[in-house]
Every structure is written in C-alpha cells, then in structure tokens.
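To start, the structure itself, in structure tokens.
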Amino acid sequence: MDKVQKFISENQHQFGYIMQEASRQWIKKNPSGALTVGTCNAFIEHYGSYHQILDKLERYEEVLKDIAKLSKYEGNQWYENLKKVLED
C-alpha cells in the first residue's frame, strides 16, 4: 500500500472532503480536463451543472408546450414536428 492509499484508508470518514480537494487542485492545474466528481469541469463551465441543465430543460419544455397550444391546428407542419419533440 502506497502513501496515498494508506492516507485514504485511514481517513475514510473524509471521502467527500478528499474528493473535493483533489478536484479543486486538479481544476487549478488543468481547468479543461479536470474532473469534478464525475463530470469534466469544461462541460460544467460550458453547460452548467446537472441540476442547472434540468431546470433549463423544464423551462424550455414549458415554453414549447405554450407555443404548441398557440399554433395548434391541423395541417400545420411546424406544429406536427413540435408535437413529436414533446412526445419523446
């Protein structure tokens, strides 16, 4: 067992802190490739966190539903395409 493995083994109660600190230092050293506990830091900086993305998606879906209600009439190809997107 090397020093790092031993340290982690002896400090299991601090896994969250260890991961957070490792991530922080990795971001400082390599911002575009650093992991932030499962996700690439560059992805998070560009798109936002998982929860931010879900919030945006919910807002977009609500807007699309409102648009669909306003444009609902038979033969409207735009409406038919939008309806397919909302069904997925």
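Each residue of the sequence shown is one higher than the last, beginning at 1 in UniProt numbering.
Cβ atoms here follow ideal geometry from the backbone N, Cα and C, with glycine treated the same way.
Remember, predicted model here, so these are calculated numbers, not experimental data.
| Check | Outcome |
| --- | --- |
| Distance between K84 and residue 120 (C-alpha atoms, nearest Å) | Past the edges of the chain, shown from 1 to 88, lies residue 120, and the structure says nothing about it. |
| Cβ-Cβ separation, I18 to I8 (assumed contact under 8 Å), whole Å | 7 Å |
| Segment limits, alpha helix (DSSP H) that includes K83 | 77-87 |
| Helix, strand or coil at D2 according to DSSP, with G and I counted as helix | coil |
| Proximity of L64 and L86 at Cβ, strictly below 8 Å | yes |
| C-alpha gap between Y50 and Y60, whole angstroms | 15 Å |
| Extent of the continuous alpha helix (DSSP H) run through S23 | 15-29 |
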